[in-house]
Amino acid sequence: MSYAAEYQRSIEQPEQFWKEKAQALEWFQFPKTILSQDENGMDRWFADGELNTCYLALDHHVEQGRGEQAALIYDSPVTATKKTYSYRELRDEVSLFAGALKQQGVTKGDTVVIYMPMIPQAVIAMLAVARLGAIHSVVFGGFAPHELAVRIDDAKPKVVVTASCGIEIARIVSYKPLLDDALEQASHKPHACIVYQREQELATLQEGRDVDWLEAVAHAHPTDCTPVKATDPLYILYTSGTTGKPKGVVRDNGGHAVALNYSMSAIYNMQPGEVFWAASDVGWVVGHSYIVYGPLLHGCTTVVYEGKPIKTPDAGEFWRVCKEYDVKTLFAAPTAFRAIRKEDPHAELLNKEDLAGLRVIFMAGERLDPPTYEWTKAVTGKCIVDHWWQTETGWAICANPIGIEMKIAKAGSSTVPTPGFQVQVLDDRGEPLPANEQGSIALKRPLPPSCLPTIWGDIERFKSGYLNVYPGYYTSGDGGYIDEDGYVFIMGRTDDVINVAGHRLSTGEMEEVVAMHEAVAECCVIGINDELKGQLPLGMVLLKNGYEDHAEKIQDELVALVRKEIGALACFKIALVVPRLPKTRSGKILRKLLRQIASGEEFTIPSTIDDPNSIHDIQELMLEKGIVVQQMAG
Numbered sequence: 001m002s003y004a005a006e007y008q009r010s011i012e013q014p015e016q017f018w019k020e021k022a023q024a025l026e027w028f029q030f031p032k033t034i035l036s037q038d039e040n041g042m043d044r045w046f047a048d049g050e051l052n053t054c055y056l057a058l059d060h061h062v063e064q065g066r067g068e069q070a071a072l073i074y075d076s077p078v079t080a081t082k083k084t085y086s087y088r089e090l091r092d093e094v095s096l097f098a099g100a101l102k103q104q105g106v107t108k109g110d111t112v113v114i115y116m117p118m119i120p121q122a123v124i125a126m127l128a129v130a131r132l133g134a135i136h137s138v139v140f141g142g143f144a145p146h147e148l149a150v151r152i153d154d155a156k157p158k159v160v161v162t163a164s165c166g167i168e169i170a171r172i173v174s175y176k177p178l179l180d181d182a183l184e185q186a187s188h189k190p191h192a193c194i195v196y197q198r199e200q201e202l203a204t205l206q207e208g209r210d211v212d213w214l215e216a217v218a219h220a221h222p223t224d225c226t227p228v229k230a231t232d233p234l235y236i237l238y239t240s241g242t243t244g245k246p247k248g249v250v251r252d253n254g255g256h257a258v259a260l261n262y263s264m265s266a267i268y269n270m271q272p273g274e275v276f277w278a279a280s281d282v283g284w285v286v287g288h289s290y291i292v293y294g295p296l297l298h299g300c301t302t303v304v305y306e307g308k309p310i311k312t313p314d315a316g317e318f319w320r321v322c323k324e325y326d327v328k329t330l331f332a333a334p335t336a337f338r339a340i341r342k343e344d345p346h347a348e349l350l351n352k353e354d355l356a357g358l359r360v361i362f363m364a365g366e367r368l369d370p371p372t373y374e375w376t377k378a379v380t381g382k383c384i385v386d387h388w389w390q391t392e393t394g395w396a397i398c399a400n401p402i403g404i405e406m407k408i409a410k411a412g413s414s415t416v417p418t419p420g421f422q423v424q425v426l427d428d429r430g431e432p433l434p435a436n437e438q439g440s441i442a443l444k445r446p447l448p449p450s451c452l453p454t455i456w457g458d459i460e461r462f463k464s465g466y467l468n469v470y471p472g473y474y475t476s477g478d479g480g481y482i483d484e485d486g487y488v489f490i491m492g493r494t495d496d497v498i499n500v501a502g503h504r505l506s507t508g509e510m511e512e513v514v515a516m517h518e519a520v521a522e523c524c525v526i527g528i529n530d531e532l533k534g535q536l537p538l539g540m541v542l543l544k545n546g547y548e549d550h551a552e553k554i555q556d557e558l559v560a561l562v563r564k565e566i567g568a569l570a571c572f573k574i575a576l577v578v579p580r581l582p583k584t585r586s587g588k589i590l591r592k593l594l595r596q597i598a599s600g601e602e603f604t605i606p607s608t609i610d611d612p613n614s615i616h617d618i619q620e621l622m623l624e625k626g627i628v629v630q631q632m633a634g
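This is the structure in structure tokens:
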């Protein structure tokens, strides 16, 4: 079936379409009701169906004769460790750890917070919680105690699962003291903490509360899967950068399993038995969807990688992993490839023959700028697919649906809407805009399976934040346009549009131009206040290795380049060369924080920041250049 036919059917006959996709899974009780509304007026999928996500991800494959196939490959360059788990081995480990959780009182509907590094035990813990019909909330390992505490207070876990430490480039991060501090601050006290002791650093256990992972498993019994309703929550995932009361995205079991299984074939073109690598972290939605659940639901082999794109040990690690495990599809954030490009601009560490088995590279998590797209395509010789999605949706809103029909790619576009998603560009009044006009990207309801039905414990916050802005639509918070061919272009968050002397200009478009310069490894453009013109653009650029001595000349060239490509009306006159850009650990540049710094506003450094020192560097540089007239409180 062509993409057009598949997409049209998903919009015109959504219940029949998703009923067929649901039939690909082994339900305990197949749903009779495909689409309905709950007591809050929210659309719900497969409400009377019963299943268990862990069963679908592990037990079912073992029962179908795939027990000896590799399910999970663990590769940790930071500890020089490699290990492969078959589906049978992973099922048995998960079943036993589920028994350990059960002994600590975890039952169906309880919550469990998981605070772990990128090790197999993190995946085992997630699947074990799902096996019991409980709800996991993974908090990125190493998060600050206060932020962990507010998540504990919001999720109210019966048990917290952690490890003694995580391992970053050239340093060990002690997790247990961070957790102890968080539990001191939190009002809610879990029944127990299960601690996986890593040999790189052993943690001190608190008597009466803390339980050693290995001891817990030694006294546990294997546990069967607990049936749950399709609409029962599978997990809570707190969106990055939350302050105050956290915002927990809820994912249900049924819609999630159906959508992810469908996406593995329709979007990623994967076959059972093939190796899929999402180079992310289980603390992010990409890790939930495509390190853990998507590949395992589909019977693929997933890679759990404990390392970085660079410096563990070098910028050739991605290529090494792809070759060693015959990875068919690689999925990572654009920032990973920008980092590789900065360290190895001519791809000297890449031998294209090593990537013979790799079919395609997917990117998401932030906007894929055309220069990064073109460079990655040129040096790898592979198909590069940009796709757009959010923590709230759990899978791609727009993509090149290569498992249905390969579309001709357009640099800067996440291609076309995924079947089930009705994407529209709206003006300030909520009216659809014509082709090529920029506006707010919104999704017409009902949303397809896997999208959040609510915010944990706060349905009104969900309605006000996402549904009430444009009645009948989900507001994505992103801006962009759809061209005459139906291709969607995401230009950034809606607050990344600036008004320069009455001209509405996209900072994302300016970033595209700045990134075209051969010396630029990464860049960011924000709007800063100006008494005369209202706002002016400010560019910040990170240079590739070897260009540092030509910074002043490059800044002049960038100003001229933007003037040439966009015009004098952009008023682009400042291009700061910076030593690093402040980012979240998932690679998103903290543009809102940069705007606050440039405006002299007070700001809070978010818990998700990768390197807090990067803020100080930017502050000092802005003060030195006279962009900020006074020191900020932060």
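Using the UniProt record's numbering, the letters of the sequence shown map in sequence onto residues 1 to 634.
Glycine is no exception: its CB is placed at the ideal position from the N, C-alpha and C atoms.
Item                                                                                                                                                : Value
L536: first and last residue of the uninterrupted beta strand (DSSP E) it sits in                                                                   : G534 to L543
Closest by C-alpha distance to W456, when choosing among L368, F46, P233 and V514                                                                   : P233
Burial state of T608, where buried means 16 or more other Cβ atoms lie within 10 Å                                                                  : buried
Through-space distance from I169 to residue 674, alpha-carbon basis                                                                                 : Outside the shown range of the chain (1 to 634) lies residue 674, about which nothing can therefore be said.
Delimiting residues of the alpha helix (DSSP H) encompassing T380                                                                                   : P370 to T380
V513 in three-state terms, based on DSSP                                                                                                            : helix
Opening and closing residue of the alpha helix (DSSP H) in which H146 lies                                                                          : P145 to A155
Beta-carbon proximity of V520 to T391, cut-off 8 Å                                                                                                  : no
Sequence ranges, alpha helix (DSSP H) only - wholly within the region 201 to 261, length at least 4                                                 : 213 to 218
The region 532 to 549 / the region 468 to 478 touching (three or more Cβ pairs under 8 Å)                                                           : no
Cut-off 6 Å between Cβ atoms - residues of its own chain near T242, not counting five sequence neighbours on either side                            : With a pLDDT of 39 at T242, under the threshold of 50, the modelled position of that residue is not reliable, and the figure given next carries that caveat. Once the five neighbours on either side are set aside, T242 has no close Cβ partner at all.
Span separating the alpha-carbon of F337 from that of L581                                                                                          : 15 Å
G472 burial status per 10 Å Cβ neighbour count (16 or more: buried)                                                                                 : exposed
Cut-off 8 Å between Cβ atoms - residues of its own chain near Q206, not counting five sequence neighbours on either side                            : D180 and C193
Simplified DSSP state of D556, which is helix, strand or coil                                                                                       : helix
Supposed contact pair T302 and L72 - C-beta distance, whole angstroms, cut 8 Å                                                                      : 6 Å
Where A47 falls: helix, strand or coil (DSSP)                                                                                                       : coil
Unbroken stretches of the beta strand (DSSP E), 3 residues or longer, contained in the region 62 to 123                                             : 70 to 76, 81 to 86 and 111 to 115
Beta-carbon spacing of G403, V425 below 8 Å                                                                                                         : no
Where W389 falls: helix, strand or coil (DSSP)                                                                                                      : strand
Cβ contact (3+ pairs, closer than 8 Å) linking the region 117 to 125 and the region 161 to 175                                                      : yes
G294, enclosing alpha helix (DSSP H) - first and last residue                                                                                       : G294 to L297
CB contact flag (H616, L558, <8 Å)                                                                                                                  : no
I291 beta carbon less than 8 Å from that of V304                                                                                                    : yes
Contacts around D92, its chain only, beta-carbon distance under 8 Å, and the 5 residues preceding and following it disregarded                      : P222
Contact the region 359 to 374 vs the region 334 to 348: 3+ CB pairs below 8 Å                                                                       : yes
Reduced DSSP category for R171 - H, G, I as helix; E, B as strand; rest coil                                                                        : strand
Between the CA atoms of Q535 and W277 - distance to the nearest angstrom                                                                            : 42 Å
Residue ranges of each alpha helix (DSSP H) within the region 428 to 503, 4 or longer                                                               : 459 to 462
Three-way DSSP call (helix, strand, coil) for N269 in this model                                                                                    : coil
Segments assigned beta strand (DSSP E), at least 3 residues, entirely inside the UniProt domain "Acetyl-coenzyme A synthetase N-terminal" (3 to 56) : 35 to 37 and 43 to 45
Alpha carbon of N613 to alpha carbon of E601, nearest angstrom                                                                                      : 18 Å
For Y290, the first and last residue of its enclosing beta strand (DSSP E)                                                                          : Run containing Y290: none; DSSP gives neither H nor E here.
Residue environment, L25, which counts as buried when at least 16 other CB atoms sit within 10 Å                                                    : buried
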